[in-house]
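Numbering (the UniProt record's numbering), first residue to last: 1 to 345.
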């Protein structure tokens with residue numbers, strides 16, 4: 001939503017979101033108006049537009065591409081960094097782009113922070129028996145039926161191609177998402193609040209911005225009172241750091257969690273991971289600002305600084321709509337995700 005030119009809509013349905021923050025690029029590519037674009041991803045901002053608009057894209061690890069001249073949504077925020085990456089109509093075009101960009105040292109010779117690692121065409125085409133870990137549910141927020149089905153169908157396809165698929169439970173995702181939230185809101189959202197206060201009023205952002213204006217001690221009281229009824233909501237309210245001492249602890253715990261996650265993969269000798277990109281398919285414009293908790297599936301890979309991509313494999317079906325009736329309604333977030341996913345065919 002922009003107060004000057006309005007809402008950026010989905011490539012296939014104007015009443016639905018294109019995702020963000022690279023949503024304009026995603027919608028343009030999805031409608032055939034462009035063949036390639038560059039997005040920036042802090043918590044899914046390349047991968048969500050690709051998911052919602054039926055295209056492909058990848059978030060490389062931080063500084064695999066140069067960050068010179070690139071400003072994240074909140075500059076000066078360590079550990080959770082914006083990563084630039086390509087968005088294309090299909091994954092083969094993503095591969096083509098990266099193979100060209102990484103074909104020589106042009107970038108690394110101009111930015112010493114970019115490693116001089118060239119595209120290895122031979123390595124890319126080697127067919128070796130990869131071991132791929134997969135999960136349909138991260139244990140924090142269950143995806144709606146179409147997202148779970150997409151993973152199941154992709155898993156079956158990969159098995160038929162000769163890959164080994166291994167069930168994988170990402171460790172302590174609730175804890176990881178709390179750390180992600182704390183690191184993303186590094187200064188209590190003060191930088192963003194100052195930006196909003198100095199700009200034109202923008203519909204749709206008031207509720208989340210006003211929550212960030214609540215004094216810290218009152219937030220903790222709200223979390224305490226909310227916990228018995230909506231523990232997940234209370235968990236996120238408590239995640240925002242009170243001061244630099246708490247922020248330092250968050251950074252320390254992120255470093256510990258990164259090693260824990262890698263050890264979990266190594267224990268199964270896993271080469272790559274397959275999982276949903278989101279909890280929901282493309283939803284109506286009113287919902288995304290209220291469903292921040294669904295970003296766990298993308299945010300965790302920013303927390304880990306892993307490369308992560310999105311590939312379109314399916315669309316919502318009538319059977320998915322029927323299965324949605326059995327989707328949980330345990331708290332406000334589940335109820336909202338269920339309502340938002342209705343009539344997404």
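All C-beta atoms in this analysis are idealised placements derived from N, C-alpha and C, irrespective of residue type, glycine included.
Around the Cβ of residue 275, are there at least 16 other Cβ atoms within 10 angstroms (buried) or fewer (exposed)? buried
Using 10 angstroms around the beta-carbon of residue 333, count the other beta-carbons present and answer buried if the total reaches 16, otherwise exposed. buried
Quick one: give me the first and last residue of the alpha helix (DSSP H) that residue 336 is part of. 332-341
Given a threshold of 16 other Cβ atoms within 10 Å of its Cβ, counted over all protein chains shown, does residue 150 qualify as buried or as exposed? buried
In chain order, what are the residue ranges of uninterrupted beta strand (DSSP E) at least 3 long that sit wholly in the stretch 125-156? 131-134
I need the straight-line Cα distance from residue 91 to residue 137, nearest angstrom please. 24 Å
Given residue 308 as reference, the closest of 273, 296, 320 once Cα atoms are compared: 273
Can you look up residue 315 in the DSSP assignment and give me helix, strand or coil? coil
Beta-bridge partners of residue 284, as assigned by DSSP: 16
If we count the other Cβ atoms within 10 Å of its Cβ and call it buried at 16 or more, is residue 10 buried or exposed? Around the beta carbon of residue 10, a 10 Å sphere encloses 16 or more other beta carbons of the protein chains shown; the residue is thus reported as buried.
Alpha-carbon spacing of residue 342 relative to residue 113, whole angstroms: 46 Å
Since residue 165 contacts residue 155 with CB under 8 Å, what's their CB separation in whole angstroms? Contact annotation, residue 165 with residue 155: C-beta distance approximately 5 Å; criterion of less than 8 Å satisfied.
Using DSSP's beta-bridge definition, name the partner residues of residue 9. 17
C-beta contact flag for residue 282 and residue 16 at 7 Å: yes
In whole angstroms, give me the CA-to-CA distance for residue 39 and residue 219. 33 Å
Rounding to the nearest angstrom, what Cα-Cα distance links residue 133 and residue 259 in this structure? 17 Å
Go to residue 366, then tell me how far its alpha helix (DSSP H) extends in each direction, as first and last residue. The structure shown does not extend to residue 366, since the chain is modelled only from 1 to 345, so the question has no answer here.
What residue does the alpha helix (DSSP H) around residue 264 start on, and which one ends it? 244-267
Count the other C-beta atoms from every protein chain shown that fall within 10 angstroms of the C-beta of residue 241, then say buried if there are 16 or more, exposed otherwise. Under a 10 Å Cβ-count criterion, residue 241 is classified as buried, with 16 or more other Cβ atoms of the shown protein chains found around its own Cβ.
Let me know if residue 121 comes out buried or exposed under the rule of 16 or more other beta-carbons within 10 Å of its beta-carbon. exposed
Could you name the residues that DSSP lists as bridge partners for residue 165? Partner residues in the beta bridge of residue 165, as assigned by DSSP, are 132.
Compute the beta-carbon to beta-carbon distance between residue 57 and residue 8, rounded to the nearest angstrom, for a pair I have assumed lies under 8 Å. Not really, about 16 Å apart at Cβ, beyond 8 Å.
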